[in-house]
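Everything below concerns the one structure shown next.
2 protein chains.
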Amino acid sequence: MAEKITPRNQDYSRWYTEVIQQAQLADYAPVRGCMVVRPYGFALWENVKDALDRRFKATGHENAYFPLFIPMSFIQKEAQHVEGFSPQLAVVTHGGGKELDEPLVVRPTSETVIGHMYSQWIQSYRDLPVLINQWGNVVRWELRTRLFLRTMEFLWQEGHTAHATAEEAEEETRRMLGVYADFAVNEAAIPVIPGRKSESEKFAGADHSYSIEAMMGDMRALQAGTSHNLGQNFAKSFEIKYLDRNNELQYCWTTSWGLSWRIVGAIIMVHGDDQGLVLPPRLAPVQVVAVPIWKTDEEKQTVLAATETVKAALGDGVRLKVDDRDEYSPGWKFNEWELRGVPLRIEIGPRDVAQGQVMFARRNRPGRAGKSSVPLAGLAGAVIDALRLIQNEMLQSATEFRDANTRETNDYESFKEAVAQGFARAWWCGRIECEDKVKEETKATTRCIPFDQPGGSGRCVVCGESASEVAIFARAY
Amino acid sequence: MAEKITPRNQDYSRWYTEVIQQAQLADYAPVRGCMVVRPYGFALWENVKDALDRRFKATGHENAYFPLFIPMSFIQKEAQHVEGFSPQLAVVTHGGGKELDEPLVVRPTSETVIGHMYSQWIQSYRDLPVLINQWGNVVRWELRTRLFLRTMEFLWQEGHTAHATAEEAEEETRRMLGVYADFAVNEAAIPVIPGRKSESEKFAGADHSYSIEAMMGDMRALQAGTSHNLGQNFAKSFEIKYLDRNNELQYCWTTSWGLSWRIVGAIIMVHGDDQGLVLPPRLAPVQVVAVPIWKTDEEKQTVLAATETVKAALGDGVRLKVDDRDEYSPGWKFNEWELRGVPLRIEIGPRDVAQGQVMFARRNRPGRAGKSSVPLAGLAGAVIDALRLIQNEMLQSATEFRDANTRETNDYESFKEAVAQGFARAWWCGRIECEDKVKEETKATTRCIPFDQPGGSGRCVVCGESASEVAIFARAY
Numbered sequence: 001m002a003e004k005i006t007p008r009n010q011d012y013s014r015w016y017t018e019v020i021q022q023a024q025l026a027d028y029a030p031v032r033g034c035m036v037v038r039p040y041g042f043a044l045w046e047n048v049k050d051a052l053d054r055r056f057k058a059t060g061h062e063n064a065y066f067p068l069f070i071p072m073s074f075i076q077k078e079a080q081h082v083e084g085f086s087p088q089l090a091v092v093t094h095g096g097g098k099e100l101d102e103p104l105v106v107r108p109t110s111e112t113v114i115g116h117m118y119s120q121w122i123q124s125y126r127d128l129p130v131l132i133n134q135w136g137n138v139v140r141w142e143l144r145t146r147l148f149l150r151t152m153e154f155l156w157q158e159g160h161t162a163h164a165t166a167e168e169a170e171e172e173t174r175r176m177l178g179v180y181a182d183f184a185v186n187e188a189a190i191p192v193i194p195g196r197k198s199e200s201e202k203f204a205g206a207d208h209s210y211s212i213e214a215m216m217g218d219m220r221a222l223q224a225g226t227s228h229n230l231g232q233n234f235a236k237s238f239e240i241k242y243l244d245r246n247n248e249l250q251y252c253w254t255t256s257w258g259l260s261w262r263i264v265g266a267i268i269m270v271h272g273d274d275q276g277l278v279l280p281p282r283l284a285p286v287q288v289v290a291v292p293i294w295k296t297d298e299e300k301q302t303v304l305a306a307t308e309t310v311k312a313a314l315g316d317g318v319r320l321k322v323d324d325r326d327e328y329s330p331g332w333k334f335n336e337w338e339l340r341g342v343p344l345r346i347e348i349g350p351r352d353v354a355q356g357q358v359m360f361a362r363r364n365r366p367g368r369a370g371k372s373s374v375p376l377a378g379l380a381g382a383v384i385d386a387l388r389l390i391q392n393e394m395l396q397s398a399t400e401f402r403d404a405n406t407r408e409t410n411d412y413e414s415f416k417e418a419v420a421q422g423f424a425r426a427w428w429c430g431r432i433e434c435e436d437k438v439k440e441e442t443k444a445t446t447r448c449i450p451f452d453q454p455g456g457s458g459r460c461v462v463c464g465e466s467a468s469e470v471a472i473f474a475r476a477y
Numbered sequence: 001m002a003e004k005i006t007p008r009n010q011d012y013s014r015w016y017t018e019v020i021q022q023a024q025l026a027d028y029a030p031v032r033g034c035m036v037v038r039p040y041g042f043a044l045w046e047n048v049k050d051a052l053d054r055r056f057k058a059t060g061h062e063n064a065y066f067p068l069f070i071p072m073s074f075i076q077k078e079a080q081h082v083e084g085f086s087p088q089l090a091v092v093t094h095g096g097g098k099e100l101d102e103p104l105v106v107r108p109t110s111e112t113v114i115g116h117m118y119s120q121w122i123q124s125y126r127d128l129p130v131l132i133n134q135w136g137n138v139v140r141w142e143l144r145t146r147l148f149l150r151t152m153e154f155l156w157q158e159g160h161t162a163h164a165t166a167e168e169a170e171e172e173t174r175r176m177l178g179v180y181a182d183f184a185v186n187e188a189a190i191p192v193i194p195g196r197k198s199e200s201e202k203f204a205g206a207d208h209s210y211s212i213e214a215m216m217g218d219m220r221a222l223q224a225g226t227s228h229n230l231g232q233n234f235a236k237s238f239e240i241k242y243l244d245r246n247n248e249l250q251y252c253w254t255t256s257w258g259l260s261w262r263i264v265g266a267i268i269m270v271h272g273d274d275q276g277l278v279l280p281p282r283l284a285p286v287q288v289v290a291v292p293i294w295k296t297d298e299e300k301q302t303v304l305a306a307t308e309t310v311k312a313a314l315g316d317g318v319r320l321k322v323d324d325r326d327e328y329s330p331g332w333k334f335n336e337w338e339l340r341g342v343p344l345r346i347e348i349g350p351r352d353v354a355q356g357q358v359m360f361a362r363r364n365r366p367g368r369a370g371k372s373s374v375p376l377a378g379l380a381g382a383v384i385d386a387l388r389l390i391q392n393e394m395l396q397s398a399t400e401f402r403d404a405n406t407r408e409t410n411d412y413e414s415f416k417e418a419v420a421q422g423f424a425r426a427w428w429c430g431r432i433e434c435e436d437k438v439k440e441e442t443k444a445t446t447r448c449i450p451f452d453q454p455g456g457s458g459r460c461v462v463c464g465e466s467a468s469e470v471a472i473f474a475r476a477y
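Going line by line, the protein sequences match chains A and B.
Here the working numbering is used: the first residue of the first sequence is 1, the next is one more, and so on.
Here the working numbering is used: the first residue of the second sequence is 1, the next is one more, and so on.
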C-alpha cells in the first residue's frame, strides 16, 4: 500500500502491473521474463489448483510426475511439434561440469516424454484409457513477457490421455474443455466462450484444438485454457500402440489439455477496478476481513470483544482475516484490503456494537452501494449469503460487460470498429488469407469458432465468400 | 504383478528397485538419472505433501514460488555454497535459439535467489520474520542415482525464513526439524533420531545443520530431512538487511530446511517385506481394499451386495478400493494388493456373508497372524481401529528393529562390527580426522550428534581423546 495506482483508462497495462506488485501477488525475478509469486498470489493459485484438481479427480484422472528434461531428439520426433516449439526452447548443454553428449531441453510441454512412457506402459486395450494429469513448471523462451500472462517459466497443469478410439479421444478433449469452462464460470466468475481454434491457431501437433476465451477489462481477449485432440500424431511418433480385442496392434488416440497461472492474470483483469483487485469469493485467499474500529481504550475493549464473537461465529467455514493492528488507521486498512481484493469487509465500530450489529462492505460494489448493517445474531449465515451474492454479481457484471462489448457484424467497416474495442462475432469462410488480412489491418485474430453457432450459412465478413461458421475475432493477450 | 520379487536378503538393492517398478510407484525416465513418478507413487507423495503442508501452515508458514533459473553469478556469491554445489549444476547456455550472455543454473536449491528477493522485500523489523516455503523441483547432477533416493531432478519442499535475531533463527531451525520428526514418526511410522550434523556433513553455507536420521531395512542410515541455521552468511552475501527499533541497519539471520521425495524411499525400505510394499495407513493412497470372493453366479450376487454394504458403511472417511474385477482370481488380487502395500484387506466371501461377517487381513502381519473375522455390524469403527492398530504396530516394529540394531560401544573393534550391520552410538572427539578414519576403514559416517545426549564426557571411540558428545555412526544412503 505504497503509492496510488494508475487508473485503468489512463494506462491499462501499467494499472495491471501496479496492482500485482502493490497487492503483493507477484514480483519480477532477477532472471529476465521470470516471476516470483508471493504468498498472497500463491494462495490464490493454490485455490485455483484445488478447484481444478477436484474436477480432474472427479472425472477419473490421476496425477503423476514426468521429468523436467527432455532429450532434444524427442522434441524432433513429431514434425509440427518441433516446428512450433523450436524457437522457444531453453537448452541445457552442461551438467556436472561437463558438456553433454545430447543437449537436454527444459520441457516446454510434455507430450513427447509422456508419449515415450505411454508406449512402455500401454500394451493392451485393458490398459486404456490412461488418464493422467501433471502439475508442474514449464519453460518457453518468450521475448515479450508480462506478469502471469506470459512468463518464461510458468506453473500449469497438463493433462495427457490415451484412448482406444478416435471418438473417445474427441469426447475427452471436449469433456476437459467443459471442465475448464465450468471452473472459469463457477469459481473464477469469468464468463467464457468455448470453441474450436482455427487451423492457424491450433496447438503444434494437434488435429483439433479447443479453447475457452474471455474478455478482459480493456476489452481484449485472453485464452484461458486449451484442450487438444492429438489424433494419432504423437502415438505414431512415439509408438503408443495397444492390442485390441481381436489381438490386433493399433495406435492409440491421445489428447492433452492445459491451464496455467495465466488464469490469475485473467482474474485480475476481468474483475479489478481502479482501487485494485476484486477477487471472487470462491478463490480469494482471504474471503472476509474484519476491521475493529476504536478511538478510546474503552471502545477498543468493546470492539475487540465483538471481533472475537465474529471470529467464533464464522469458525472454520470462512477464510477470515482479523486486522486489529494498532499502528494503522481504519481508513488505511480499508484501502489496503480493497487493493488486495478481499470480497467482504466487516467493520466493527463501537456504535454498531452497541446496537448489536456490524457493517458489511462488499468489495464489488464500492462506496455506499455495497454497504449494509447486519445484526450480530445470525452473522455466519449472513456472511455466507453475502459471499454467494458477491460471487454471483461478479459473474453477472463480467457477463454484461462482455456482452455489451461484443458485436455481431457482417460488414467489414463496422467489424473493424468492433475489434478495435471488443469482440466481433462474424461469419468467416475459414481461409487463412482472411485471418491474415484481419490481423494485418486490425491486429485482431480469430479467437475461436464457438460451439454456439447460429446454423445455416452466411457471407465471410472479410471476403464475402460463402461461410458456414461464425467466429469470434478480437485483439488478444 | 509380473514376476516374483527378489528376496531382500538375497539382493536388497534389487528388491528395492523391483518393488518400486512392480508396485508401479515409479519408473526410469529416458533421461539418465531422472525418474517418472506413476499415479500410485504420486498419490503417496501427495499424501506426504498434505501432511507436511498442514504442519507448515500451522506453524505460520506460507507457500510461494521462486524461479527455476538462477543467474550463475548468484551461486557464486556465497563462498561455501558455490564450492558445495558447483560440481552438481545443470547449466542452460542457450535460449530461444541464441547463446545466453550469462548462463543460467537450474536451481539445485534456492537460498541465493530467495536471498536476493528477501533483500528487496525486507526493510524494517516490522517485516520480520518472513516465513516462506516452496514446493517444487530442483536439479543436482548426480553420478550414481537410485529411484527416489538420489535422482538428478527431484521434488521437494524448501523452507526459507528470515529473522531479526540469532536466537529466533536457531529456534526456527529446531522447530522445523521437530516438524519433520513429528511427521516421520506420526505419519510415516518411521522412528528418527534428530540431531546436529558434524562440520564436514553440514550444508554448504550453513552455520549449523540438523537432520533426522532413520534406519532402513538393510540397517543402513538415511537422512530423511534437514534444517539449516544459515547465520548471517546469506544475509551478508545478498544484503538482506532491516532497520531495527533503534533505526539501525542490521543483517537478518536466515534458515532453510528441506524434505524431498527421498522420504518415499525411506517408507519403502523401513516397512517393506519380501511380498512388497507395506504402507502406513495415514499415508497410503489406498487404505483398504475390499475383495469380493465368489465361484457361482449366485455367490457373486450375494458377495457383491455385501460389498456394496461395506462401501456404504465406510463412506468417505476411508480411502477404499473395491476390486471386483472378473478377470482375476482372488489369490491373484491378494498378491497384487500385498505387493502394493495396502494396509488392510477385507475379504468378502459367501460363507462369511452368510454369518454376517467379513475377513480382515492386516498387511503388516502376513499370514494367519493378521487375519480376523469381523462382524458387518459396526464395520466402520472396526476398520478405523484396525488402521490405527496397523499404524502403531508399524512404528513399533520399526523402532524395535532399529533399537535391536543399534549398539553403544566404546572400543573401536566392536564399533567396526556395529557399523557393519547397524548404527553405532559412540563418544566422538569432534575432529574430522577421526571421521575420515572411520569412513575409510568402515564406509560409515557420522550421521548426527543426537540431541539426546548422556551428559558428562567420555573417550573418543576412534582416537581415545576426550570427547564431550556422543554421535551416531552408520553407513548411509
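Glycine is no exception: its CB is placed at the ideal position from the N, C-alpha and C atoms.
DSSP three-state call for residue i: helix, strand or coil?
{"i": "Ala306 of chain A", "result": "helix"}
{"i": "Met1 of chain B", "result": "Low local confidence applies: a pLDDT of 47 at Met1 of chain B is under 50, so the model's placement there is unreliable, with the coordinate-based value given in what follows. In the structure shown, Met1 of chain B sits in coil (DSSP, three-state: anything other than H, G, I, E or B)."}
{"i": "Glu62 of chain A", "result": "strand"}
{"i": "Asn229 of chain A", "result": "strand"}
{"i": "Pro428 of chain B", "result": "For clarity, residue 428 of chain B is Trp in the given sequence; the question names Pro instead. Correct three-state label for Trp428 of chain B: strand."}
{"i": "Trp332 of chain B", "result": "helix"}
Can you give me the C-alpha to C-alpha distance between residue i and residue j, rounded to a whole angstrom?
{"i": "Phe334 of chain B", "j": "Gly136 of chain B", "result": "36 angstroms"}
{"i": "Ala476 of chain B", "j": "Glu142 of chain B", "result": "16 angstroms"}
{"i": "Val270 of chain B", "j": "Glu187 of chain B", "result": "13 angstroms"}
{"i": "Met117 of chain B", "j": "Ala29 of chain A", "result": "8 angstroms"}
{"i": "Arg459 of chain A", "j": "Ala424 of chain A", "result": "15 angstroms"}
{"i": "Val37 of chain B", "j": "Lys49 of chain A", "result": "20 angstroms"}
{"i": "Lys98 of chain A", "j": "Ala312 of chain B", "result": "59 angstroms"}
{"i": "Ser466 of chain A", "j": "Asp436 of chain A", "result": "18 angstroms"}
{"i": "Met1 of chain B", "j": "Gln24 of chain B", "result": "Its pLDDT being 47, under 50, Met1 of chain B is placed unreliably by the model, and the measurement read from it follows with that caveat. Cα-Cα distance, rounded: 9 angstroms."}
{"i": "Gly231 of chain A", "j": "Leu249 of chain A", "result": "17 angstroms"}
Name the chain A residues that come within less than 9 angstroms of residue i, Cβ to Cβ?
{"i": "Asp27 of chain B", "result": "Met117, Gln120, Trp121"}
Find the residues of chain B that neighbour residue i, judging by a C-beta separation of less than 7 angstroms, and give them in chain order.
{"i": "Arg38 of chain A", "result": "Ala64"}
Should residue i go down as buried or exposed, given a rule of 16 or more other Cβ atoms within 10 Å for buried?
{"i": "Ile193 of chain B", "result": "buried"}
{"i": "Glu563 of chain B", "result": "Lying outside 1 to 477, the shown extent of chain B, residue 563 of chain B is not represented and no answer is given."}
{"i": "Gly381 of chain A", "result": "exposed"}
{"i": "Pro379 of chain B", "result": "Going by the sequence as given, residue 379 of chain B is Leu instead of Pro. Leu379 of chain B should be labelled buried."}
{"i": "Ala305 of chain A", "result": "exposed"}
{"i": "Lys77 of chain A", "result": "buried"}
So which residues on chain A does residue i lean against when the C-beta distance must stay under 8 angstroms?
{"i": "Phe42 of chain B", "result": "Glu62, Asn63, Ala64, Tyr65"}
{"i": "Asn47 of chain B", "result": "Those do not exist, as Asn47 of chain B stays about 12 angstroms from chain A at its closest Cβ, beyond 8 angstroms."}
What does residue i touch in chain A if you count any residue whose Cβ is under 7 angstroms from its own?
{"i": "Phe90 of chain B", "result": "The displayed chain sequence assigns Ala, not Phe, to residue 90 of chain B. Neighbours of Ala90 of chain B on chain A, chain order: Val92, Gly95."}
{"i": "Cys34 of chain B", "result": "Pro67, Phe69"}
Residue i touches chain B at which residues, Cβ-Cβ below 8 angstroms?
{"i": "Tyr137 of chain A", "result": "Residue 137 of chain A is actually Asn in this sequence, not Tyr. Chain B residues near Asn137 of chain A: Leu68, Gly136, Asn137."}
Quick one: does residue i have its CB under 8 angstroms from some CB of chain C?
{"i": "Pro87 of chain A", "result": "Among the protein chains of the structure shown, namely A and B, there is no chain C."}
>> Check whether the region 109 to 127 of chain A and the region 55 to 74 of chain A are in contact - that is, three or more C-beta pairs closer than 8 angstroms.
In response: Cβ pair count under 8 angstroms is three or more, so yes.
>> Check whether the region 84 to 97 of chain B and the region 85 to 98 of chain A are in contact - that is, three or more C-beta pairs closer than 8 angstroms.
In response: When C-beta atoms of the region 84 to 97 of chain B are compared with those of the region 85 to 98 of chain A, three or more pairs fall below 8 angstroms, so the two segments count as touching.
>> Whether or not the region 242 to 261 of chain A and the region 119 to 138 of chain A are in contact is what I'm after, with contact meaning three or more pairs of Cβ atoms, one per stretch, closer than 8 angstroms; do they touch?
In response: Cβ pair count under 8 angstroms is three or more, so yes.
> If you pair each beta-carbon of the region 317 to 326 of chain A with each one of the region 222 to 239 of chain A, do three or more pairs fall below 8 angstroms?
Replying inline: Contact between the region 317 to 326 of chain A and the region 222 to 239 of chain A is absent, with fewer than three C-beta pairs closer than 8 angstroms.
>> Would you call the region 407 to 426 of chain B in contact with the region 441 to 458 of chain B, where contact means no fewer than 3 C-beta pairs closer than 8 angstroms?
In response: Segment contact: the region 407 to 426 of chain B against the region 441 to 458 of chain B, three or more CB-CB distances shorter than 8 angstroms; contact assigned.
> Hey, is the region 363 to 371 of chain A in contact with the region 292 to 309 of chain A, meaning 3+ C-beta pairs nearer than 8 angstroms?
Replying inline: Contact between the region 363 to 371 of chain A and the region 292 to 309 of chain A is absent: fewer than three C-beta pairs spanning the two stretches fall below 8 angstroms.
> Is the region 161 to 172 of chain A touching the region 38 to 48 of chain A, taking contact as three or more C-beta pairs under 8 angstroms?
Replying inline: Below 8 angstroms, too few C-beta pairs join the region 161 to 172 of chain A and the region 38 to 48 of chain A to call them touching: fewer than three.
>> For the structure I just gave you, are there three or more beta carbon pairs, one from the region 259 to 274 of chain A and one from the region 145 to 165 of chain A, closer than 8 angstroms?
In response: At 8 angstroms Cβ cutoff, the stretches touch.
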